[in-house]
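In mature numbering (1 follows the signal peptide of the UniProt record, and there is no 0), the protein residues as written are -22 to -1, 1 to 117.
Yeah, the Cβ is synthetic: ideal placement off N, Cα and C, and Gly gets one too.
Data block below; observations after.
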């Protein structure tokens, strides 16, 4: 009998802890969530760039441009090429609303043939990184 009382008490306390979470979540309205989502938005000029034919042994710089269409500044936190053959550079200072910035990927065309590489860009505006693509043929 004592074991049943202890189990019921534990069950009641457990259920009360779940009900205490609901009021905290309701403190953030749907408007605030949608404003936060829309507040920092970036629009890429092109997410895939085909460089066509490039000569072997000559690095090729590919520039991706984007515009901050949101209401707050956007910071690029990381840019990573898909392999060691792609070097990256990007705008380090915050991109103010209405302004544009660049991410540059320099592909070292070492091997002949078709190629497709990616550049992953992490920003403060998006929860998931943006994957940009560059492709072409080394002759």
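Can you list, in chain order, the residues of its chain whose CB lies under 6 Å from that of residue i, leaving out five sequence neighbours each side?
i, result
"residue 109", "96, 98"
"residue 102", "52, 53"
On the criterion of 16 or more Cβ atoms from any shown chain inside 10 Å, does residue i qualify as buried, or is it exposed?
i, result
"residue -14", "exposed"
"residue 116", "buried"
"residue 91", "exposed"
"residue 24", "exposed"
Taking the C-alpha atoms as reference points, what is the distance between residue i and residue j?
i, j, result
"residue 19", "residue -17", "53 Å"
"residue 59", "residue -19", "60 Å"
"residue 39", "residue 81", "10 Å"
"residue 35", "residue 87", "5 Å"
"residue 68", "residue 53", "10 Å"
"residue 66", "residue 41", "10 Å"
"residue 114", "residue 61", "16 Å"
"residue 70", "residue 32", "29 Å"
Nearest CA to the CA of residue i: which residue from the options?
i, options, result
"residue 29", "106, 101, 84", "84"
"residue 94", "63, 102, 72", "63"
"residue 50", "73, 115, 24, 67", "73"
"residue 26", "37, 111, 117, 116", "111"
"residue 37", "102, 89, 21", "89"
Quick one: residues in its chain with C-beta nearer than 7 Å to the C-beta of residue i, no 5 flanking neighbours on either side, listed in chain order?
i, result
"residue 56", "100"
"residue 107", "98, 99, 100"
Skipping 5 residues on each side, what residues in its chain have a beta carbon closer than 8 Å to that of residue i?
i, result
"residue -22", "none"
"residue 21", "44, 45, 47"
* Flag this pair as touching only if the region 77 to 91 and the region 42 to 55 have three or more C-beta atom pairs under 8 Å; answer yes or no. => In short, these stretches touch, since the Cβ pair count reaches three.
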